[in-house]
Structure formats: structure tokens, C-alpha cells
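Structure first, commentary second.
2 protein chains.
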Amino acid sequence: MVASPDTRPRVAVVGTGLIGGSILLGLHRAGLDVTGWDPDPATRQAVRDTGVACPDELTVAVDGRAVVFLCGPLPTLPETLRTVAGAVGADCVLTDVGSAKGEVAEFAAAYGLTDRFVPGHPMAGTDRAGIGAAVPDLFDGAAWVLCPAPDGLPAFHRLATLLVSVFGARVVPMAPDEHDAVVALASHVPHLLAGALAGAAGRSPLRDAVLALAAGSFRDGTRVAGTPAERTANMLLGNREHVLRELATVRSVLDELAAALAAADAEALTAGHRAARATRTALFDRPFLASGHDFPTTPGTGREGVTAGADRERAAASPTADARPGDDGAAGELRFLLTLGAAGGYLSDCQVTGSTVRYTAHTPAGATARD
Amino acid sequence: MVASPDTRPRVAVVGTGLIGGSILLGLHRAGLDVTGWDPDPATRQAVRDTGVACPDELTVAVDGRAVVFLCGPLPTLPETLRTVAGAVGADCVLTDVGSAKGEVAEFAAAYGLTDRFVPGHPMAGTDRAGIGAAVPDLFDGAAWVLCPAPDGLPAFHRLATLLVSVFGARVVPMAPDEHDAVVALASHVPHLLAGALAGAAGRSPLRDAVLALAAGSFRDGTRVAGTPAERTANMLLGNREHVLRELATVRSVLDELAAALAAADAEALTAGHRAARATRTALFDRPFLASGHDFPTTPGTGREGVTAGADRERAAASPTADARPGDDGAAGELRFLLTLGAAGGYLSDCQVTGSTVRYTAHTPAGATARD
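Line order of the protein sequences matches chains H and Y. Per the numbering used here, the first sequence starts with residue 1, numbered consecutively. Per the numbering used here, the second sequence starts with residue 372, numbered consecutively.
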């Protein structure tokens with residue numbers, strides 16, 4: 001991958017706890033010019049102690065920056081977004097790292113910020129908190145969701161290029177609502193299950209014996225119950241409807257397993273766990289197909305071409321097979337991106353050269369990257 | 372710890388999959404004379420390939436052995452127990468590794484084997500299976516439940532001594548029913564939750580995107596869904612009533628969390644997760660009090676003495692404070708052991724010298740090792 005000038009932007013990170021602090025350290029590690037800011041004076045000092053500039057004033061920290069990551073707690077995000085958007089230039093790209101994207105995307109649309117603000121969500125973390133727990137490699141190779149708006153593709157290109165070059169991130173383009181439905185099951189419901197399991201153990205008259213015999217299943221199943229409770233509550237409340245809906249689907253599968261167990265139906269119980277095992281196995285053992293995709297960055301030119309197929313199927317396809325008559329370039333590109341993310345795919349590269357953006361896309365075998 | 376002759380018994384392991392194979396390799400690593408046996412010829416050959424004798428005939432494998440571990444699948448255990456008990460000497464100590472203890476303890480009682488058979492359950496494992504996944508250190512430092520019967524204390528002494536010396540195991544003495552209630556929550560219900568979470572993801576129309584964004588919470592929360600389904604089903608069916616009962620308690624905590632979320636009650640949602648976090652934290656951060664306990668191995672001598680208090684409270688207590696007038700030695704010892712396990716405690720050492728057994732016990736601070 002050849003670094004373009006846009007992979008070395010001047011960046012600011014606002015909110016330097018575990019997530020923001022790790023992004024800041026990752027950017028600093030990569031040699032980028034980065035500043036930090038946090039409302040907590042001790043945290044600002046801790047940032048300075050890592051060798052990164054961290055002014056006392058937010059407006060000073062973001063002044064003249066090309067990219068700003070907003071990493072404060074979910075409930076503070078809308079206000080921080082407005083403040084920062086008012087303090088930086090109109091060409092500054094803004095993104096966040098919150099665990100739900102629907103509300104903040106609506107907020108950005110209501111305030112006319114969709115061309116500059118790309119909602120984001122890096123899929124990594126720990127159950128620890130604060131700048132003291134931040135590490136520069138937390139997001140290395142992680143899935144990183146970005147939610148480009150129809151008028152936000154140039155901002156998306158700049159962010160995707162940055163995330164790929166600094167973190168080797170797998171950039172997952174998704175619509176905000178789709179992201180929220182997916183993470184409800186992929187992240188939020190697991191926190192509820194862990195809380196219920198640890199909570200039940202805590203109330204048990206046999207609590208101490210349960211802890212003494214806690215097998216790997218209990219340890220793993222309760223790990224995220226160690227997350228600071230306020231952070232978990234904010235996360236769940238920020239995606240309430242999707243979480244409740246996905247929890248209902250998990251409960252219905254649990255009901256089936258429990259019914260099979262109550263009926264001593266070994267066949268049904270085994271079948272249920274066999275299906276679960278297949279999905280668990282797919283988590284680590286799914287083949288992906290790689291392909292290259294070019295889109296014009298000048299609106300209205302209307303053509304996409306598949307330029308490089310790392311797999312035979314794609315290579316054999318016509319380079320223009322995916323273009324659609326009458327497509328506006330941006331609409332076709334956006335459809336390509338959102339369909340890729342919904343299918344479980346990701347981008348490993350994004351390069352803008354001249355009037356063309358070139359993506360390297362990876363799609364799970366068997367899924368389709370097109371609607 | 373000074374090794375007594377009884378720490379070097381000749382041992383056999385019957386059923387050499389993941390658990391039995393790991394026990395066998397651990398015993399072999401410690402330099403003990405050990406034989407293996409498995410109904411599967413290829414598994415027997417795999418055992419021989421590790422340098423351990425593995426005759427084709429079960430009766431040959433267990434002939435002349437002082438200790439036999441029965442490690443086959445749970446449903447086969449009663450029959451294997453009868454077969455092996457008939458093939459070895461009356462002074463041979465038998466134990467198993469099944470995940471539920473109530474039924475097999477009843478079976479042993481019905482067949483008059485409680486003086487020779489000590490139900491056991493080592494609390495470690497992986498989601499892999501078979502001799503190929505076996506490793507000698509799987510049980511190093513693990514909690515290892517043993518369920519001594521009133522007439523089975525000499526057999527318990529020999530096993531506890533062996534497990535401590537070979538594996539550095541934390542030996543947890545428990546009554547069979549209490550064990551089953553505890554592991555329902557500490558091990559079995561987590562498998563149901565993992566199965567439900569992975570199962571729901573597998574049925575989701577967004578399955579591939581869920582797998583792509585699977586955070587650590589999802590990965591950890593579904594890990595044991597990777598366990599072979601038959602093994603999980605056998606484990607759950609072998610402890611059916613306790614599992615259903617503990618599942619109901621987990622569901623009721625989950626109901627509370629979901630109700631708080633549905634009502635957008637941040638305070639209640641945070642409080643619930645805060646309680647869960649406290650229990651999770653206690654899993655790794657509980658102080659234990661160490662103490663030494665002597666019991667006579669000759670029945671009817673009726674005295675226990677606390678001989679060494681590693682903590683000031685115990686050291687300050689009278690050495691005979693725990694003895695009870697009229698106690699039969701065995702009854703007092705058994706009560707001490709079962710109370711220790713129910714309180715979340717464990718033994719790190721067991722030494723029989725002359726007519727005395729000396730335990731080193733560890734009790735969670737705040738709990739009591741006595742009834």
C-alpha cells in the first residue's frame with residue numbers, strides 16, 4: 001500500500017479514555033501529528049505524559065486539524081459534535097466511536113453535518129477503563145464500522161484511508177440502523193447475558209462455591225460483566241430498541257434449548273447445540289473472497305469497474321459487470337459499500353488517486369456484495 | 372511438601388479423550404507408572420505413541436493398579452464402574468471425572484462401592500475433544516471436586532494426596548448434590564447461554580454481518596458453544612433438574628435487566644450491572660485464609676486440632692477450638708471437609724502420617740469453614 005498525503009493528516013482526539021486514548025496512542029505510534037483533549041485535567045496530564053500535546057482548551061486542541069475523533073461518553077456526543085464542528089474548518093472530517101449510530105446520524109443530518117461527520121464504531125475494547133488502560137495496538141486489525149451518508153463519501157474516503165494505514169483496520173461500511181441491529185446481537189446482548197449470569201451467581205446462597213468452581217465457561221461468559229456499569233448501561237440505553245428485539249430472539253432460542261432439556265430430549269438438545277457450534281465455528285473459519293473496485297470521485301460519471309479479482313470467480317467476471325446503467329457514481333458507490341457491510345464484508349484498502357477511488361473488498365464466500 | 376509413598380501409586384486411566392488423556396499425560400509427566408485404555412483402537416494407539424502403555428484389554432490395563440480414573444462419557448460411567456470394580460483389588464481407589472455427581476454417587480452406594488469409589492470432577496477443559504487435544508498441564512492448579520462418602524475417607528486421602536502432588540490441584544471436598552447445584556451455575560448454564568447466543572446469531576438474517584462485527588463480548592460469550600454438541604447435551608442431561616433450576620434464577624436476573632432497559636431506567640440498569648461486576652471481580656480478587664487441620668485416621672478417637680494458622684485470627688484461636696465433644700473422628704472430619712467446600716474453600720495439601728491426616732485448608736475471607 002502506497003501512502004498518499006492524505007494518510008498523514010493532522011488529527012485530534014477529543015475524549016481520551018480507553019478508546020480515545022488507544023486511538024491517540026495508535027496515531028502517535030504511526031508518527032502522525034496528533035493532539036488530545038479531555039474534560040478531566042488529570043487525564044490531560046496523563047496524555048501529555050505519553051508525549052502527545054494536550055491543551056487545556058478544547059478549541060485549541062482541534063484548531064487546524066484535518067480529522068477529529070470524538071470519543072467521549074455516548075450521552076455527551078451530540079453536544080461535543082456541535083461544539084467541535086463550530087470550532088474547526090469546513091473541510092475537517094469528524095467521526096465518533098460510539099456503540100450506537102442511528103441517533104447520532106440523525107442528529108448530524110438535522111444539523112447539516114453529514115458531509116463532514118462520518119459515524120464510526122471500532123469493534124474492540126477491554127473491560128478496563130481510562131487512559132491508563134489505553135494501548136496503541138487495541139484496534140490493530142479490528143473491524144471498524146463507518147456509516148457514510150450520500151453526501152459524505154469524500155469524508156469516508158479520507159477516514160477509511162487513515163484507518164487502514166494506521167491500524168490495518170477492516171473498514172466495514174454500514175447504514176446506521178443496520179449497524180445498530182447487528183451490534184445489538186454482536187456486542188450488546190452479550191453484555192446483558194454476562195450481567196445476568198454474574199448477577200445470579202452473586203445472589204446464590206452458594207455464591208462462594210460457585211466462584212470457587214467457576215469453569216472457563218463461567219469465566220468467559222461473565223468477562224464483560226467486569227465492564228464499568230455506567231458504560232454498559234449507556235451502551236444498552238443508546239441502542240435500546242434493537243437490543244430488546246435481539247434479546248427476544250436469544251431468549252426464544254434459549255427457550256427451545258430449555259424445553260428440550262426439560263423434556264430430556266437428547267436429540268433436540270444436541271441439534272440445537274450443533275447449530276450453535278456451526279455458527280461459532282464460522283466466526284473463525286469463514287473463507288473470504290477478495291476483489292478490487294474502482295469508482296469515480298467526480299459525481300455523475302456513472303461507472304464502476306471491478307479491476308482486480310483475487311479469486312477466480314471475480315477475475316473471470318467482466319470488469320464492467322457490476323456497473324448499472326443510469327447509476328450516479330456516488331449512488332452506485334454507496335450501494336456497493338452498504339451492501340458489502342450488510343453481507344459481512346469489509347474493506348482492507350481505500351486509495352484515492354486522481355479522480356478515482358480504489359477499494360480492496362473482502363466478501364464472505366457464499367454471500368454477495370451486491371444487492 | 373514431602374512425597375509419601377502413596378503419592379507414587381500405580382495408576383490406570385480408562386477412557387483417554389481430552390480429560391482422561393490429559394490426566395494420563397499429567398501422571399506420566401510426573402513419572403508415575405500409568406496405563407491407559409480406551410474402547411477406540413486408534414485412541415489406544417495414540418496413547419501408545421505418547422510412550423504410555425495401553426493394552427487392548429480393559430482388564431489388563433487396570434490389573435494391579437492402586438488408583439483408576441474413569442474418564443469415559445457420562446452415560447457409560449455406571450457400567451464401566453461396575454466392570455472395573457470387579458476387575459481390580461478391593462484396595463484399589465476408583466474415581467471419575469463426570470460433570471454431575473448425584474446419580475453416580477447413588478449408583479456407587481447401591482452397589483456398595485462408597486469405600487472405594489470417590490466421585491470426582493476436575494474443573495478445567497477446552498472446547499476441543501479427543502486425545503489429540505489432551506495436554507499434561509490441563510489440570511495444573513485447577514479446582515478438583517471430590518465427594519467423599521462417610522466410609523470413604525481413606526480413599527479420599529489417597530486421591531487428594533495424589534491430585535495435590537501431581538497437579539497442584541485445589542481439592543474441593545463437596546457433597547454430590549451440592550456439587551451438582553453449584554456446577555449448574557458455574558458451568559452448565561453458561562453452556563446454555565452460549566448456545567442460545569450463537570444459535571440466535573446463526574438464525575439472524577444479518578448472520579454474516581454479526582460474525583464480522585463480533586466483539587470480544589460475543590466471542591467470549593459463545594466460546595463454549597464450540598464444544599462438541601453431544602458432550603454438552605450429555606452434561607446438561609446429566610444434571611437436568613439443577614440446571615433448569617439455576618437457569619430460572621439467571622432468567623429472573625435477565626428479566627430485571629431487560630425491564631430496566633425497556634423502561635429506560637438508567638439507575639436500575641446500572642445498579643444491576645454494578646452488582647454483577649462486584650461478583651465478577653470477586654472471581655479473581657477474593658482473599659483466602661489458610662489454616663492447618665489434623666484428624667485422626669483411626670476411627671473413634673474423636674478430636675480435631677487446628678495445628679497451623681497462616682492468618683492471625685486462626686493462629687490466635689485455641690488449637691482445640693474446633694473439636695466437638697462426642698465427635699467420631701470420621702464424622703467430624705467429613706463435616707469439616709464438606710463445610711469447607713460449600714463455603715468456597717479448598718485443600719492445597721493432604722498428608723497422612725502415622726495415624727493422622729493433616730490438611731492445609733483455604734477458606735474465603737468472610738466465609739466460615741465450619742457449620
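From the three backbone atoms N, C-alpha and C, an ideal C-beta is built for every residue, glycine too. Predicted model, so just to flag it, every value in this text is computed and none were measured.
Along the beta strand (DSSP E) that carries Y:SER575, what are the first and last residues, could you check?
-> Run containing Y:SER575: none; DSSP gives neither H nor E here.
Determine the chain H residues that contact Y:PRO735 at a beta-carbon separation under 7 Å, and present them in chain order.
-> Correct list: ASP208.
Alpha carbon to alpha carbon, what distance is there between H:PHE295 and Y:GLY569?
-> First, the residue type needs correcting, since residue 569 of chain Y is Ala and not Gly in the sequence shown. Roughly 37 Å between the two C-alpha positions.
Reduced DSSP secondary structure (H/G/I, E/B, other) of Y:THR662 = Looking at the sequence shown, residue 662 of chain Y is not Thr but Ser. DSSP places Y:SER662 in strand when its eight states are reduced to three.
In whole angstroms, what separates the C-alpha of H:ARG44 from that of H:LEU27?
-> Their backbone Cα atoms lie some 17 Å apart in a straight line.
Per DSSP, which one or two residues make a beta bridge with H:VAL250?
-> H:VAL250 has no beta-bridge partner at all, per DSSP.
In angstroms, rounded to a whole number, what distance separates the CA positions of H:VAL352 and H:VAL67?
-> Going from the Cα of H:VAL352 to the Cα of H:VAL67 covers about 17 Å.
H:ASP220 burial status per 10 Å Cβ neighbour count (16 or more: buried) = By the Cβ-count criterion, H:ASP220 is buried, with 16 or more other Cβ atoms from all chains shown falling within 10 Å of its own Cβ.
Alpha carbon of Y:VAL511 to alpha carbon of H:GLY20, nearest angstrom | Note on residue identity: the sequence assigns Asp, not Val, to residue 511 of chain Y. Inter-residue distance for Y:ASP511 and H:GLY20 is about 39 Å (C-alpha atoms, whole angstroms).
Please name the residue in H:VAL253, H:THR50 and H:GLU106 whose C-alpha comes closest to that of Y:ARG574.
-> Looking at the Cα atoms, H:VAL253 is the closest of the given residues.
Do the region 204–211 of chain H and the region 175–187 of chain H make contact, defined as three or more Cβ pairs closer than 8 Å?
-> Result no; under three Cβ-Cβ pairs closer than 8 Å.
So what does DSSP say about Y:VAL405, is it helix, strand or coil?
-> When DSSP states are grouped into helix, strand and coil, Y:VAL405 belongs to the strand group.
Would you list, in chain order, the members of the region 701–729 of chain Y that have their beta-carbon closer than 8 Å to a beta-carbon of chain H?
-> Residues passing the 8 Å Cβ filter: GLY712, ALA713, ALA714, GLY715, GLY716 and TYR717.
When DSSP labels each residue in this structure, what does H:ALA263 get in the three-state scheme?
-> In the structure shown, H:ALA263 adopts coil according to DSSP, grouped into three states.
Unbroken alpha helix (DSSP H) runs of length 4 or more, entirely within the region 408–480 of chain Y: which are they?
-> Look at the region 408–480 of chain Y and you find these whole runs of alpha helix (DSSP H), each 4 residues long or longer: 412–420, 429–433 and 448–458.
For H:ARG280 and chain Y, any beta-carbon pair shorter than 9 Å?
-> By this cut-off, H:ARG280 is an interface position.
Listed from N- to C-terminal order along the chain, which residues in the region 98–130 of chain H have their beta-carbon within a distance smaller than 8 Å of any beta-carbon of chain C?
-> The chain inventory of the structure shown lacks chain C, comprising the protein chains H and Y.
Who pairs with Y:PHE538 in a beta bridge, going by DSSP?
-> For Y:PHE538, DSSP assigns no beta-bridge partner whatsoever.
Kindly confirm or deny that the region 459–470 of chain Y and the region 486–499 of chain Y touch, where touching means at least three C-beta pairs closer than 8 Å.
-> Segments in contact, yes.
CB Y:LEU718 to CB Y:PRO521, shorter than 9 Å?
-> Against a cut-off of 9 Å, the Cβ pair of Y:PRO521 and Y:LEU718 comes out as no contact.
Could you give the distance in angstroms between the alpha-carbon of H:ARG223 and the alpha-carbon of Y:ALA432?
-> Note on geometry: alpha-carbon atoms of H:ARG223 and Y:ALA432 lie some 42 Å from one another.
For the candidate residues Y:ALA653, Y:GLU601 and Y:SER558, whose alpha-carbon lies nearest to that of Y:HIS613?
-> The shortest CA-to-CA distance from Y:HIS613 to any of Y:ALA653, Y:GLU601 and Y:SER558 is the one to Y:SER558.
Comparing the C-beta of H:ASP311 with each C-beta of chain Y, is any distance below 9 Å?
-> Any reading at H:ASP311 needs caution, since the residue's pLDDT is 41, under 50, leaving its predicted position unreliable; the model's value is listed next. Cβ-Cβ to chain Y under 9 Å: no for H:ASP311.
N- and C-terminal bounds of the alpha helix (DSSP H) containing Y:GLY592 | Counting along the chain, the alpha helix (DSSP H) containing Y:GLY592 begins and ends at 587–592.
Alpha carbon to alpha carbon, how far is Y:PHE589 from Y:ALA583?
-> The alpha-carbon separation between Y:PHE589 and Y:ALA583 amounts to approximately 11 Å.
Would the beta-carbon of H:ALA194 fall within 9 Å of that of H:ALA155?
-> No, the pair does not count as a contact, with Cβ atoms beyond the cut-off.
Does the Cβ-Cβ distance between Y:LEU484 and Y:THR454 come in under 9 Å?
-> No, the Cβ-Cβ distance between Y:LEU484 and Y:THR454 is not below 9 Å.
Mind checking the region 190–203 of chain H against chain Y and listing, in chain order, the residues whose C-beta falls within less than 8 Å of any C-beta there?
-> For the region 190–203 of chain H, residues whose beta-carbon sits nearer than 8 Å to a beta-carbon of chain Y comprise PRO190, HIS191, LEU192, LEU193, ALA194, GLY195, ALA196, LEU197, ALA198, GLY199, ALA200, ALA201, GLY202 and ARG203.
Closer than 9 Å, CB to CB, is Y:ALA383 near chain H or not?
-> Chain H, which has no Cβ nearer than 9 Å to the Cβ of Y:ALA383, makes this no.
Roughly how many angstroms lie between the CA atoms of Y:LEU448 and Y:THR669, to the nearest whole one?
-> Y:LEU448 and Y:THR669: Cα-Cα distance of roughly 32 Å.
Using a Cβ-Cβ cut-off of 7 Å (strictly less than) and excluding sequence neighbours within five positions of Y:LEU628, which residues of its own chain qualify?
-> Answer for Y:LEU628: LEU640 and GLY643, listed in chain order.
Which residues, in chain order, does the region 257–279 of chain H contribute to contact with chain Y at a C-beta distance below 8 Å?
-> The residues in question are LEU257, ALA258, LEU261, ALA262, ALA264, ALA266, LEU269, THR270, ALA271, GLY272, HIS273, ARG274, ALA275, ALA276, ARG277, ALA278 and THR279.
Given Y:TYR730, which residues of its chain have a CB within under 6 Å of its CB, disregarding the five upstream and five downstream residues?
-> Shown here for Y:TYR730: same chain residues with a beta carbon closer than 6 Å to its own, the five before and five after excluded, namely HIS664, LEU718 and CYS721 in chain order.
At 8 Å on the CB atoms, spell out the chain H contacts of Y:ASP753, in chain order.
-> Because chain Y here runs from 372 to 742, residue 753 of chain Y falls outside it and cannot be looked at.
Nearest to Y:ASP420 by alpha carbon, out of Y:GLY503, Y:GLY609, Y:MET606 and Y:LEU530?
-> Per the Cα distances, Y:GLY503.
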